[in-house]
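Colleague:
There are 2 protein chains.
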Amino acid sequence: MADLKSTFLRVYSVLKQELLEDPAFEWTPDSRQWVERMLDYNVPGGKLNRGLSVVDSYKLLKDGRELTEEEIFLASALGWCIEWLQAYFLVLDDIMDSSHTRRGQPCWFRVPKVGLIATNDGILLRNHIPRILKKHFRGKAYYVDLLDLFNEVEFQTASGQMIDLITTLEGEKDLSKYTLSLHRRIVQYKTAYYSFYLPVACALLMAGENLDNHIAVKDILVQMGIYFQVQDDYLDCFGDPKTIGKIGTDIEDFKCSWLVVKALEHCDEEQKKVLYEHYGKADPASVAKVKVLYNELNLQGVFMEYENESYEILVTSIEAHPSKSVQAVLKSFLAKIYKRQK
Amino acid sequence: MADLKSTFLRVYSVLKQELLEDPAFEWTPDSRQWVERMLDYNVPGGKLNRGLSVVDSYKLLKDGRELTEEEIFLASALGWCIEWLQAYFLVLDDIMDSSHTRRGQPCWFRVPKVGLIATNDGILLRNHIPRILKKHFRGKAYYVDLLDLFNEVEFQTASGQMIDLITTLEGEKDLSKYTLSLHRRIVQYKTAYYSFYLPVACALLMAGENLDNHIAVKDILVQMGIYFQVQDDYLDCFGDPKTIGKIGTDIEDFKCSWLVVKALEHCDEEQKKVLYEHYGKADPASVAKVKVLYNELNLQGVFMEYENESYEILVTSIEAHPSKSVQAVLKSFLAKIYKRQK
Ligand SMILES: [Mg+2]
Ligand SMILES: [Mg+2]
Ligand SMILES: [Mg+2]
Ligand SMILES: [Mg+2]
Ligand SMILES: [Mg+2]
Ligand SMILES: [Mg+2]
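Here the protein sequences line up with chains A and B, keeping their order. With our numbering applied, the first sequence corresponds to residues 2 to 343, in that order. With our numbering applied, the second sequence corresponds to residues 2 to 343, in that order.
#1: Give, in chain order, every unbroken run of the alpha helix (DSSP H) that is at least 4 residues long and sits entirely within the stretch 2-53 of chain B.
#2: Indicate, with yes or no, if ligand 3 has a heavy atom lying under 7 Å from the CB of ASP241 (chain A).
#3: Below 9 Å between beta carbons is the criterion; list the residues of the stretch 124-145 of chain B that meet it against any residue of chain A, in chain order.
#4: If you draw a straight line from the alpha carbon of LEU176 (chain B) to that of ILE118 (chain A), how long is it in whole angstroms?
#5: Verify the CB distance criterion: does LEU170 (chain B) have a CB-CB separation below 8 Å to chain A?
#6: Starting from ASN152 (chain A), find everything on chain B with Cβ-Cβ shorter than 9 Å and list it in chain order.
#7: Could you work out which residues of chain B lie near GLU22 (chain A), taking near to mean beta carbons separated by less than 8 Å?
#8: Does the beta-carbon of ASP4 (chain B) have 16 or more other beta-carbons within 10 angstroms, so that it is buried, or is it exposed?
#9: Report the option in A:ASN152, A:GLU70, A:GLN106 and A:LYS332 whose CA atom is closest to the CA atom of LYS247 (chain A).
#10: State yes or no: is the beta carbon of ILE248 (chain A) nearer than 8 Å to at least one beta carbon in chain B?
#11: Using only CA atoms, which one of B:ASP64, B:GLN34, B:GLU253 and B:ASP233 lies nearest to THR244 (chain B)?
#12: If you follow the alpha helix (DSSP H) that THR168 (chain A) is part of, which residue opens it and which one closes it?
#13: With a cut-off of 8 Å on the beta carbons, I'd call MET163 (chain A) and TRP35 (chain B) a contact; round off their distance for me.
#14: Using 8 Å for Cβ pairs, my map puts VAL188 (chain A) next to GLN230 (chain A). What's the rounded Cβ distance?
#15: Look up THR180 (chain B) in the DSSP assignment and say whether it is helix, strand or coil.
#16: As a quick check of your reading: which residues have a C-beta less than 5 Å from at least one non-hydrogen atom of ligand 4, in chain order?
#17: Per DSSP, which one or two residues make a beta bridge with PRO107 (chain B)?
#18: Taking 7 Å as the cut-off, is the CB of ASP254 (chain B) close to at least one heavy atom of ligand 5?
#19: So is THR168 (chain B) buried or exposed if we call it buried at 16+ other beta carbons inside 10 Å?
#20: If the cut-off is 7 Å on Cβ atoms, which residues from the stretch 178-206 of chain A count as contacting chain C, listed in chain order?
#21: Note down, in chain order, each residue of its chain lying with its Cβ closer than 8 Å to the Cβ of TYR195 (chain A), except the 5 sequence neighbours on either side.
#22: Please list the partners that GLN162 (chain A) has in chain B, where partner means a Cβ-to-Cβ separation under 7 Å.
#23: Classify PRO131 (chain A) as buried or exposed, calling it buried when 16 or more other Cβ atoms lie within 10 Å of its own Cβ.
#24: Compare the Cα-Cα distances from GLU37 (chain B) to each of B:LEU150, B:LEU16 and B:VAL55 and report the closest residue.
#25: Curious, which full-length alpha helix (DSSP H) runs of at least 4 residues does the stretch 297-327 of chain B contain?
#26: ALA159 (chain A) versus chain B: which residues are under 7 Å apart at the beta carbon?
#27: I want to know whether the stretch 206-226 of chain A touches the stretch 247-259 of chain A - three or more CB-CB distances under 8 Å.
#28: In chain B, which residues lie with their C-beta within 7 Å of the C-beta of ASP31 (chain A)?
#29: Below 7 Å CB to CB, which residues in the same chain sit around PHE138 (chain B) once its five sequence neighbours on both sides are set aside?
#30: When burial is assigned at 16 or more other CB atoms within 10 Å of the CB, is LYS39 (chain A) buried or exposed?
#31: If the criterion is Cβ atoms closer than 8 Å, does the pair ASP95 (chain A) and PHE110 (chain A) meet it?
#32: Tell me whether ASP165 (chain A), by its Cβ, gets closer than 7 Å to a heavy atom of ligand 3.
#33: Should ASP23 (chain B) be counted as a contact of ligand 3 given a C-beta to heavy atom distance under 7 Å?
#34: Could you pull out every residue in the same chain whose Cβ sits closer than 6 Å to the Cβ of ALA321 (chain B), ignoring the five residues on either side in sequence?
#35: Take ALA208 (chain A) as the anchor and find which of A:PRO45, A:ALA283, A:GLU313 and A:VAL330 has the nearest alpha-carbon.
#36: Under a CB-based cut-off of 8 Å, is LYS256 (chain B) close to chain A?
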């Protein structure tokens, strides 16, 4: 495991070096230094779960047989493309959300002398993906499918961002819009495709599969992604800040969280008034009132029921899949997130 | 001509409608309305030169024979992809430059309730390009080359933006960096590839050509793009504001303009002091001092000499090209910009 991660990080260094010598651009010491610092700051500092899972999944699709060095390199490169995609979205998301910190350091646009240049840096991160793909996959039979895949998933993620942004338009705080269907759409598009479907789809393409034959796999992974985000919403309020590494602010931020959606579903008229009055206020007394309400409505119990039910449904769908190795991939994803505390 | 443009605008409506019904996303009335308004605001309001030139160039490559309806539609769709690319860059550039107006209306991010959502809208514009390409070109032999082309040109443009942004870093106004080589690199990457090479490359691909065989064409178009941007810099100071439709502010903005580069090249020590003291100041007296200096150095004459020389070189390179129809394409581009006043 430690070994897998250090191999994976070595591939990062190779890809970075190649990008810094990309012949499609005339580099100068200044520009090379800027991009290198920007990459090191934004790309490799996360948990790398998405990236590593491409390698894991590919291994499982190959029924656990030893991979060649080239296969490891290529699966890692695809994994890094997903990490690059994530970095691109996070750099821009932090600008749009006026966030302060990310992964325990100031957001990139908050770094002195960066500012809104971060917008173009986000664009550069995004542009590195096709550069990596062209350099290492141009000759592969699945090259065009890889390009289509990344394009489609990026489009879906940006569309999810859009509904997230336009439902929380400044000055239009309106809880009546917060339904389970809106929540599901936001998280499905903003998170599930790129975090769950994309890594497996990359591994399937590398294994020579046609993605049109794997709609069922996509559906299962999207469902898993939705479940993952519901956990995220739950932990934001009920998780241990020490364990999850941050103090949640979804209530203050008027987020369309699964919790507020469930609260709206279960509350009576009196409780509804409390929500409408106190949800989305920075004032700690308001936040406390919302949390009391969540407890009155036993949202922890509602979540546990949801978690168990989701798990059952996912296991059943996975076991209905004809291929044992695909089952193994899906089960490994599920095992990583079931009942997670962070 | 009016007819070509109205046909071209009809294709816009078709592409827009298809995007608003893209099956990769679950649309709602709200999100559809947002995207439609954003597209109408940002995509079709420019001069459309880049887009229209794909259709023109393709026609010339086909030696002027009548195009089929399908050919016109496809060439127009590629033209619109370039207009979409331009809209994407402009929406984000205006945010980074804190600009106020664009094409005679407030910049998109200045529109009430848009704000930084414009960042994600820029991303959406960019994502529409592969959606259009996939829908209309997926079955073509040159599909993968189209994807590679748009990816490479976008990468070059974003890299050009980067050097532009990092050389004018807030609080680091340093004229000693402003050389002809820096100027050439900024404009070549930021403007020339997408404005001049990309339309012709699209037409060449549609005509069944392999772009690897057209490096000379690329070089000529990049040179033309550089010449175009030098004109832009010249007109910013010496053009008629009524004709060019805006009042230039390159001096105030401390731009790495061709004029300041030439001034630095030709000035003596005394004049250099004036430039260092007054270039990049908003104060009208400072701007006036810089303009007096430009006149003392006869930059209008220097520009005219550059213009004539560039023209000669370009014509010679064009006439060295073996194909008469490719020559026609290149000459048509050159004729559109030679001695332009706006
Ligand atoms: Mg955020
Ligand atoms: Mg956000
Ligand atoms: Mg969260
Ligand atoms: Mg600008
Ligand atoms: Mg700019
Ligand atoms: Mg200009």
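For glycine and all other residues, C-beta sits at the position ideal for the given N, C-alpha and C.
Modeller: On the basis of the data shown:
#1: 3-20 and 30-43
#2: no
#3: ILE124, LEU125, ARG127, ASN128, HIS129, ILE130, PRO131, ARG132, LEU134, LYS135, ARG139, TYR144 and VAL145
#4: 20 Å
#5: yes
#6: ASN128, ILE130, PRO131, ARG132, LEU134, LYS135 and LEU148
#7: Here the premise fails: no neighbours, minimum Cβ distance about 13 Å.
#8: exposed
#9: A:GLN106
#10: no
#11: B:ASP233
#12: 144-168
#13: 7 Å
#14: 4 Å
#15: coil
#16: B:ASP94 and B:ASP98
#17: B:THR102
#18: no
#19: buried
#20: Reference to chain C is not applicable here, since the protein chains of this structure are A and B.
#21: ARG51, ILE83, LEU86, GLN87, PHE90, VAL154, GLU155, GLN157 and THR158
#22: ASN121
#23: buried
#24: B:LEU16
#25: 300-320
#26: ASN121, ILE124, LEU125 and ASN128
#27: no
#28: ILE167
#29: TYR144 and LEU147
#30: Sequence inspection shows Met at residue 39 (chain A); the Lys mentioned does not correspond to that position. Classification of MET39 (chain A): buried, given that the 10 Å Cβ count is 16 or more.
#31: yes
#32: no
#33: no
#34: none
#35: A:VAL330
#36: no
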